Structure formats: structure tokens, C-alpha cells
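>
Protein chains: 2
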Amino acid sequence: MLPTLTEARAPLTRTIATVNERGEAETISIPAERPLTVYVDKRELVTLMTLGARPEWLVLGYLRNQRLVTDVAEVESITVDWDVGSAAVKTRAGIERIEERTAHRVVTTGCGQGSVFGGLMDEVDAIELPEATLTQAQLYGIVNAIRLQESTYKSAGSVHGCALFRGEEMLLFVEDVGRHNAIDSIAGWMWMQPPDTMRGGDKVFYTTGRLTSEMVIKSAQMGVPIVVSRSGITQMGHELAERLGLCAIGRAMNRRFLCYSGVERLKLEPGLAEAR
Amino acid sequence: MLPTLTEARAPLTRTIATVNERGEAETISIPAERPLTVYVDKRELVTLMTLGARPEWLVLGYLRNQRLVTDVAEVESITVDWDVGSAAVKTRAGIERIEERTAHRVVTTGCGQGSVFGGLMDEVDAIELPEATLTQAQLYGIVNAIRLQESTYKSAGSVHGCALFRGEEMLLFVEDVGRHNAIDSIAGWMWMQPPDTMRGGDKVFYTTGRLTSEMVIKSAQMGVPIVVSRSGITQMGHELAERLGLCAIGRAMNRRFLCYSGVERLKLEPGLAEAR
Chain A
61 MLPTLTEARA
71 PLTRTIATVN
81 ERGEAETISI
91 PAERPLTVYV
101 DKRELVTLMT
111 LGARPEWLVL
121 GYLRNQRLVT
131 DVAEVESITV
141 DWDVGSAAVK
151 TRAGIERIEE
161 RTAHRVVTTG
171 CGQGSVFGGL
181 MDEVDAIELP
191 EATLTQAQLY
201 GIVNAIRLQE
211 STYKSAGSVH
221 GCALFRGEEM
231 LLFVEDVGRH
241 NAIDSIAGWM
251 WMQPPDTMRG
261 GDKVFYTTGR
271 LTSEMVIKSA
281 QMGVPIVVSR
291 SGITQMGHEL
301 AERLGLCAIG
311 RAMNRRFLCY
321 SGVERLKLEP
331 GLAEAR
Chain B
61 MLPTLTEARA
71 PLTRTIATVN
81 ERGEAETISI
91 PAERPLTVYV
101 DKRELVTLMT
111 LGARPEWLVL
121 GYLRNQRLVT
131 DVAEVESITV
141 DWDVGSAAVK
151 TRAGIERIEE
161 RTAHRVVTTG
171 CGQGSVFGGL
181 MDEVDAIELP
191 EATLTQAQLY
201 GIVNAIRLQE
211 STYKSAGSVH
221 GCALFRGEEM
231 LLFVEDVGRH
241 NAIDSIAGWM
251 WMQPPDTMRG
261 GDKVFYTTGR
271 LTSEMVIKSA
281 QMGVPIVVSR
291 SGITQMGHEL
301 AERLGLCAIG
311 RAMNRRFLCY
321 SGVERLKLEP
331 GLAEAR
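Chains A and B, in that order, are what the protein sequence lines are. Taking this note's numbering, the leading residue of the first sequence gets 61, the next gets one more, and so forth. Taking this note's numbering, the leading residue of the second sequence gets 61, the next gets one more, and so forth.
(1) In chain order, what are the residue ranges of uninterrupted alpha helix (DSSP H) at least 4 long that sit wholly in the stretch 75-135 of chain B?
(2) Mapping the DSSP letters down to three states, classify residue 246 of chain A as helix, strand or coil.
(3) Starting from residue 257 of chain A and walking both ways along the alpha helix (DSSP H), at which residues does that stretch end?
(4) Might you give, ordered along the chain, the residues of its own chain that have their beta carbon closer than 6 Å to the beta carbon of residue 139 of chain A, omitting 5 neighbours on each side?
(5) Smallest Cα separation from residue 62 of chain B: which of B/246, B/252, B/197?
(6) Given that a residue counts as buried once 16 or more other Cβ atoms are within 10 Å of its Cβ, and exposed if not, what is residue 208 of chain A?
(7) Near residue 236 of chain B, which residues of its chain fall below 6 Å by C-beta distance, leaving aside the five closest residues on each side in sequence?
(8) Could you work out which residues of chain B lie near residue 92 of chain A, taking near to mean beta carbons separated by less than 7 Å?
(9) Locate the beta strand (DSSP E) running through residue 189 of chain B, then write down its first and last residues.
(10) What residues in its chain sit with their C-beta under 6 Å from that of residue 89 of chain A, if we drop five residues either side in the sequence?
(11) Quick one: what's got a C-beta closer than 7 Å to residue 223 of chain B's C-beta in the same chain, skipping five residues either side?
(12) Is the CB of residue 70 of chain A under 7 Å away from at least one CB in chain B?
(13) List the residues of chain A that residue 78 of chain B touches, going by C-beta distances under 8 Å, in chain order.
(14) Going along the chain, which residues of its own chain have a beta-carbon closer than 6 Å to the beta-carbon of residue 228 of chain B, five neighbours each way excluded?
(15) Measure from the C-beta of residue 149 of chain A to each C-beta in chain B and report whether the shortest distance is under 7 Å.
(16) Mapping the DSSP letters down to three states, classify residue 296 of chain A as helix, strand or coil.
(17) Could you tell me whether the Cβ atoms of residue 220 of chain B and residue 268 of chain B are closer together than 7 Å?
(18) Let's see if you can read the secondary structure: which residues bound the alpha helix (DSSP H) around residue 197 of chain B?
(19) Anyone know if the C-beta pair for residue 92 of chain A and residue 115 of chain A falls short of 7 Å?
(20) Determine which residues of the stretch 259-292 of chain B have a Cβ less than 8 Å from any Cβ of chain A, and write them out in chain order.
(21) How many whole angstroms separate the CB atoms of residue 151 of chain B and residue 100 of chain B, which I take to be in contact at a CB cut-off of 8 Å?
(22) For residue 249 of chain A, I'd like the list of residues in its chain whose CB is within less than 7 Å of its CB, leaving aside the five on either flank, ordered along the chain.
(23) Is it right to say residue 153 of chain B is buried, meaning 16 or more other beta carbons lie within 10 angstroms of its own, or is it exposed?
(24) Within the continuous beta strand (DSSP E) that includes residue 309 of chain B, where are the two ends?
(25) Suppose you measure from the CA of residue 86 of chain A to the CA of residue 190 of chain B; what does that come to, to the nearest Å?
(26) From the DSSP secondary-structure annotation, give me the bridge partner or partners of residue 154 of chain A.
(27) Which same chain residues, not among the five before or five after residue 273 of chain B, have their C-beta less than 6 Å away from its C-beta?
(28) In the DSSP assignment, what residue or residues form a beta bridge with residue 289 of chain A?
(29) Can you tell me whether residue 238 of chain B is buried or exposed? The criterion is at least 16 other CB atoms within 10 Å of its CB, across all chains shown.
(30) I'd like to know if residue 190 of chain B contacts chain A, where contact means its C-beta is closer than 7 Å to some C-beta of that chain.
(31) Exposed or buried, residue 292 of chain B, counting other C-beta atoms within 10 Å across all chains shown (16 or more means buried)?
(32) Reducing DSSP to helix, strand and coil, say where residue 147 of chain B ends up.
(33) If you measure from the beta carbon of residue 170 of chain A to each beta carbon in chain B, is any gap under 7 Å?
(34) Out of A/319, A/145, A/158, state which residue places its alpha-carbon closest to the alpha-carbon of residue 308 of chain A.
(35) 7 Å is my cut-off, CB to CB: does residue 115 of chain B come that close to chain A?
(36) Three-state secondary structure (DSSP) at residue 332 of chain B?
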């Protein structure tokens with residue numbers, strides 16, 4: 061049984077007055093950013109800073125990726141109210157030992173989740189990623205779909221985008237002020253889909269941000285064996301991708317890319333590299 | 061009395077094998093990234109993921125910016141040991157109510173600290189920034205100094221750089237996998253300097269990352285009234301900068317920039333905008 065979600069909407073950009081290098085007034089758009097305090101069964105859990113595009117999916121995916129909830133059916137409803145900046149999560153039977161499970165903190169790299177509750181690494185070795193491959197032509201299709209995507213980034217900058225693909229077909233594109241929020245929103249959305257459509261290894265995860273350990277782990281937790289980024293990779297991201305057998309591709313712009321790990325999942329077609 | 065700090069060193073980059081779009085093997089450098097678990101008086105506080113360039117300053121600045129330590133003299137020593145990935149902080153008299161003060165969590169935007177212990181916003185209104193101005197020529201000097209700086213970014217990408225300037229003179233340049241670490245390292249370094257050299261509003265803070273609420277608050281907490289970024293600003297960063305009367309300048313590349321707030325601190329010289 062799926063949870064009931066509100067569909068809270070709020071403006072994604074705002075305009076501000078600036079002065080440029082010629083001393084001229086210039087009005088620009090910047091991304092919105094608002095605090096969202098998450099309450100689980102009336103207990104305050106965390107405050108997330110978010111663009112606010114998909115707050116209910118964000119909260120659901122946050123609970124999922126923090127492994128506080130292991131089955132979407134445990135959640136009865138998520139009610140977001142921007143007037144007070146709150147997301148009220150109602151579970152069907154409470155979350156066991158929530159105090160204890162939220163006590164350990166790891167501050168992760170860069171735009172990392174910020175804080176990932178302990179024990180994540182222990183689970184890495186238990187993850188078995190599905191067999192799946194991607195062709196170089198599909199990879200170029202993904203890069204091109206991102207290039208064409210209308211976005212807050214294009215109008216206001218300063219946000220990260222994430223997308224979920226099936227082959228080169230874009231299933232969902234989400235932006236947020238932090239890329240951890242964007243991937244959590246995708247995780248939340250995936251839980252709201254019919255489970256059989258989300259199974260199988262035919263998914264590819266795209267992020268505009270760096271491939272940090274957290275991005276790699278979250279992708280693996282969602283059962284997505286291939287990640288693509290416009291940016292580079294960090295050492296922990298690389299080590300984890302190798303350990304997981306996850307195909308990590310970065311610096312993907314136009315026809316260029318670097319495959320950092322799991323190259324056996326990428327069907328190289330070098331002839332396409334020169335094509336226009 | 062200043063704390064005793066180790067000077068733990070570790071390689072900042074490592075090389076990995078990749079495959080490019082032409083199917084060719086390509087060896088590249090990526091930034092190092094290692095977990096550093098911070099113990100305060102033998103009690104585990106947090107695990108930071110860091111490049112590892114300046115771990116002792118990072119830990120000191122982390123304690124400062126989390127407001128767990130209000131005076132550098134409270135810290136007796138910081139001992140970093142990369143073999144076990146630990147930073148042992150010894151305080152002279154313990155930290156009062158440390159359990160309670162680390163209980164509330166805010167996950168901040170993007171490359172935010174990750175988690176900032178509660179109460180930060182309450183302090184914002186108490187901050188009075190020193191009078192200070194920057195000329196457009198000095199701003200160009202700052203942008204140029206950053207351009208010339210040798211860096212891990214240039215050799216391996218995927219890191220954020222932060223710098224502290226006095227006018228256009230660079231006092232310190234620090235990189236880390238997350239920009240929150242880089243600014244914390246600067247905060248730690250500032251505490252290790254003679255206090256009278258760090259007073260006064262003649263400091264300018266530079267970051268390659270976005271001007272988020274956290275960057276603005278941390279800069280203000282360090283008494284630095286002007287921040288410059290290559291990137292843009294988020295809404296919370298903008299609101300806070302306005303509230304603090306802090307001069308926030310973004311999109312600073314070559315001769316271009318946008319001043320988002322506190323323009324009265326910037327002595328515009330529009331004639332320089334066209335100069336080569």
C-alpha cells in the first residue's frame with residue numbers, strides 16, 4: 061500500500077537585484093532554498109534545506125536512503141506544509157529504535173548527504189548489483205537528453221540535477237540545491253512506482269555533481285548499476301564503485317567521457333567518438 | 061596558549077586507470093579522500109571525509125564553527141594519525157554539555173557542512189561585522205591570485221578551494237573534497253595566528269563553491285565581511301548576507317562579477333571592467 065503524499069508547490073526561483081562589474085543594476089534569478097523540518101510520528105528528525113520542487117519524494121527518499129524505512133508500505137502519509145516549513149511523516153507502526161539509529165553521524169564529502177547514519181558501509185558488501193550493460197550510443201543519448209532538458213539550472217544556476225534513465229529514456233529529472241536531495245527525491249519517486257517497473261538492472265543514474273562515495277552507495281542501494289556524471293570522481297567514490305562492480309562514468313560532455321570502473325558494463329563503440 | 065598540533069601528511073592525489081571514449085586506456089589523477097574520525101577527550105564526535113591536506117586545522121576549525129569550542133585556549137592538543145584515521149582532541153577542561161549540544165542536526169545545502177548543530181541562526185543577529193571596503197581593483201587582484209594558484213584542482217579536479225585574503229594579498233589557500241572542510245580549515249588556521257593580526261575587517265574570503273547560507277554564516281562568524289565566489293548564490297545565502305550587511309560577490313571570473321548584497325562595501329571602478 062502506497063503512502064498518501066501531498067503535492068506541495070512553491071516557487072523554484074526568485075529574482076534579486078545585483079550590481080555588475082560595469083556598475084550597472086542587473087536583475088537575476090536565483091534558486092529558491094527553504095528549510096523543511098521533517099517530523100516522524102511527531103518526533104523531529106532533521107531539517108533539510110531544499111529547492112522545494114519535490115518535497116514529499118525528497119522526504120520519502122531521505123527515509124529510504126538513511127535506511128530508517130525499509131519498505132514503502134511502512135509509511136502511511138507525508139504532509140508537507142510550506143507555511144510552517146514542515147513535513148509530517150506518519151508511519152503505520154512507528155520506526156523501531158529511531159533514537160538509537162540516528163545517533164551516529166558521518167559528515168560526508170562535499171555535497172554529500174551531509175550526514176549518513178552509521179552502518180552504511182557494512183551493507184555495501186551485501187549489495188549484489190544486477191547484470192546490465194550500456195552502449196556508448198545510449199550513453200550519448202543520455203548526455204544529449206540532459207543537454208536538452210529545461211531546468212532551473214539554466215534559468216538560475218546554482219543547483220544540481222539528477223536523472224533516472226532506462227537505457228537512454230529519461231524517466232525522471234529532479235533538481236535541488238544539493239545533489240543529495242536530488243538523488244533522495246529520485247529514490248522516493250522510485251518507491252512510488254509499481255515495483256516490477258523499478259526492478260532489473262536496466263536503469264542508469266545521471267548526476268551533474270561529482271561521483272562521491274555517497275552517490276555511488278545510494279545508486280547501488282537503489283539497484284542501479286551504472287552512474288554517469290558531468291563531473292569527476294572522488295577516491296572513496298572510486299573505491300566503492302570498484303568494490304561494488306558498479307560502472308562509473310564521468311566527465312561526460314558531448315562525445316567525451318572517462319569510464320572509471322566497471323568498464324565491462326560499457327559496450328564501447330569508439331567509432332562514435334568522432335561522429336557529429 | 062595555543063594548542064599543540066601534529067602535522068600529519070598524506071598524499072593528496074592518487075592515479076587511477078580509466079578508459080576514454082575512444083576505448084583507450086588513460087591514467088588520471090583524482091583527489092584523495094579519507095575518513096577522519098574526531099574524538100574529543102576520547103569521546104567519538106564525528107567522522108569527516110577529507111582530502112587530508114590540513115587535518116589539524118580542519119578539526120580545530122570544525123570545533124570552532126560548530127561552536128563547540130569558543131576559545132582556542134580551551135584546546136590542549138590535536139593529534140592526527142592517518143594509520144587509524146583518527147584525530148584525538150584533548151581539551152584543557154572538557155566541553156560542557158557536549159552530548160546535548162551535538163544532538164540537533166540540520167542538513168544544509170549542497171556542500172554545506174553537512175550538519176550544523178542547532179542554534180546557529182539565533183546567533184546571526186548578534187553578529188556585528190566590521191566596517192570594511194574592497195576596491196574593484198583589489199577584487200580583480202584576488203581573482204587573478206586564485207587563477208595563478210597551483211592546486212590539486214588543476215591536477216586532479218573535483219575539489220573545492222577556499223582562500224583568505226587581506227585586501228588582495230593571499231594569506232592562506234586550502235583545498236578539500238568539500239568546501240565546508242576548506243573553510244573550517246581556514247577558521248582553524250586563523251585561530252593559530254596572533255589574534256591582533258586576525259582582527260579588523262580587512263579580510264576577504266574567497267571560495268570556488270556556491271555562496272550558501274553556511275558559507276555566509278561561517279564567514280560572518282570569523283568576522284570576515286566580504287566573500288567572493290566563482291559560483292553563484294543560493295536564496296538562504298542571499299537572505300543572510302543581506303541581514304548581516306555582508307558583501308557577497310559571485311560569478312567572479314576574469315573581469316566579470318555580480319555583487320549580490322552589501323554593495324556599499326565595494327568601491328566600484330567600472331572603468332576597469334573593460335581593461336585588459
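Positions of the beta carbon are idealized from the N, C-alpha and C atoms, including for glycine. Computed from a prediction, not measured in an experiment: that's the story for all the values here.
Judging by the given coordinates:
(1) 115-125
(2) Position 186 of the first sequence, counted from the first residue, corresponds to residue 246 of chain A. Here residue 246 of chain A sits in helix by DSSP.
(3) Along the first sequence, read from residue 1 onward, the residue named residue 257 of chain A stands at position 197. Its alpha helix (DSSP H) spans residues 255-258.
(4) In the first sequence, residue 139 of chain A corresponds to position 79, counting from 1. Closer than 6 Å at Cβ, skipping near neighbours: 66, 148.
(5) In the second sequence, the residue the question calls residue 62 of chain B occupies position 2. Of the candidates B/246, B/252, B/197, the one whose C-alpha sits nearest the C-alpha of residue 62 of chain B is B/252.
(6) Within the first sequence, the letter at position 148 stands for residue 208 of chain A. With fewer than 16 Cβ atoms within 10 Å of its Cβ, residue 208 of chain A is classed as exposed.
(7) On the second sequence, residue 236 of chain B is found 176 positions in, with the first residue counted as 1. Taken in chain order, the residues that qualify are 110, 111, 242.
(8) As a working note, residue 92 of chain A is residue 32 in the first sequence. Here the neighbours are 295.
(9) For this step, residue 189 of chain B is matched to residue 129 along the second sequence. Run containing residue 189 of chain B: none; DSSP gives neither H nor E here.
(10) For the purposes of this step, residue 89 of chain A is taken as the residue at position 29 of the first sequence. Closer than 6 Å at the Cβ level, and outside the excluded window around residue 89 of chain A, lie 73, 75, 215, 216.
(11) Stepping through the second sequence from its first residue, residue 223 of chain B is reached at position 163. Closer than 7 Å at Cβ, skipping near neighbours: 206, 230, 232, 233, 266.
(12) On the first sequence, position 10 is the one that residue 70 of chain A refers to. Chain B contact via Cβ: absent.
(13) Here residue 78 of chain B refers to the residue found at position 18 of the second sequence. Per Cβ cutoff of 8 Å: 318, 319, 320.
(14) Here residue 228 of chain B corresponds to residue number 168 of the second sequence, with the count starting at 1. If we look at residue 228 of chain B and ignore the five residues flanking it on each side, its Cβ neighbours are 198, 201, 202.
(15) Here residue 149 of chain A refers to the residue found at position 89 of the first sequence. By this cut-off, residue 149 of chain A is not an interface position.
(16) Translated into positions along the first sequence, residue 296 of chain A becomes position 236. Reduced to three states, the DSSP call for residue 296 of chain A is helix.
(17) Locating residue 220 of chain B in the second sequence gives position 160, counting from the first residue. Locating residue 268 of chain B in the second sequence gives position 208, counting from the first residue. In this structure, residue 268 of chain B lies closer than 7 Å to residue 220 of chain B by Cβ.
(18) On the second sequence, position 137 is the one that residue 197 of chain B refers to. It spans 196-208 - the alpha helix (DSSP H) in which residue 197 of chain B sits, taken as one unbroken run.
(19) The residue given as residue 92 of chain A occupies position 32 in the first sequence. The residue given as residue 115 of chain A occupies position 55 in the first sequence. No.
(20) 270, 272, 273, 291, 292
(21) The count along the second sequence starts at 1 and reaches residue 151 of chain B at position 91. The count along the second sequence starts at 1 and reaches residue 100 of chain B at position 40. Yes, they are in contact, since the Cβ atoms of residue 151 of chain B and residue 100 of chain B sit about 7 Å apart, within 8 Å.
(22) For this step, residue 249 of chain A is matched to residue 189 along the first sequence. Cβ neighbours of residue 249 of chain A beyond the five flanking positions: 117, 232.
(23) On the second sequence, residue 153 of chain B is found 93 positions in, with the first residue counted as 1. Exposed.
(24) For the purposes of this step, residue 309 of chain B is taken as residue 249 along the second sequence, with counting starting at 1. Counting along the chain, the beta strand (DSSP E) containing residue 309 of chain B begins and ends at 307-313.
(25) Locating residue 86 of chain A in the first sequence gives position 26, where the first residue counts as 1. Locating residue 190 of chain B in the second sequence gives position 130, where the first residue counts as 1. When rounded, the distance between both Cα atoms is 27 Å.
(26) The sequence position of residue 154 of chain A within the first sequence is 94, counting from 1. Per DSSP, none; premise fails for residue 154 of chain A.
(27) Your numbering for residue 273 of chain B matches position 213 in the second sequence. Hits under 6 Å: 296, 297, 300.
(28) By 1-based counting over the first sequence, the position of residue 289 of chain A is 229. Bridge partners of residue 289 of chain A: A/267.
(29) One-based indexing of the second sequence puts residue 238 of chain B at position 178. The residue in question, residue 238 of chain B, is buried, as its Cβ has 16 or more Cβ neighbours within 10 Å.
(30) For this step, residue 190 of chain B is matched to residue 130 along the second sequence. It does not; no Cβ of chain A falls within 7 Å.
(31) As a first step, residue 292 of chain B is located in the second sequence; it is residue number 232 there, counting from the start. Residue 292 of chain B comes out buried.
(32) By one-based count along the second sequence, residue 147 of chain B stands at place 87. Reduced to three states, the DSSP call for residue 147 of chain B is strand.
(33) Taking the first residue of the first sequence as 1, we reach residue 170 of chain A at position 110. Residue placement at residue 170 of chain A is poorly supported in this model, since its pLDDT is 39, which falls under 50; the coordinates are not used for a value here.
(34) Taking the first residue of the first sequence as position 1, residue 308 of chain A is located at position 248. Among A/319, A/145, A/158, the Cα nearest to that of residue 308 of chain A is on A/319.
(35) If you number the second sequence from 1, residue 115 of chain B lands on position 55. Chain A, which has no Cβ nearer than 7 Å to the Cβ of residue 115 of chain B, makes this no.
(36) Position 272 of the second sequence, counting from 1, holds the residue named residue 332 of chain B. Reduced to three states, the DSSP call for residue 332 of chain B is helix.
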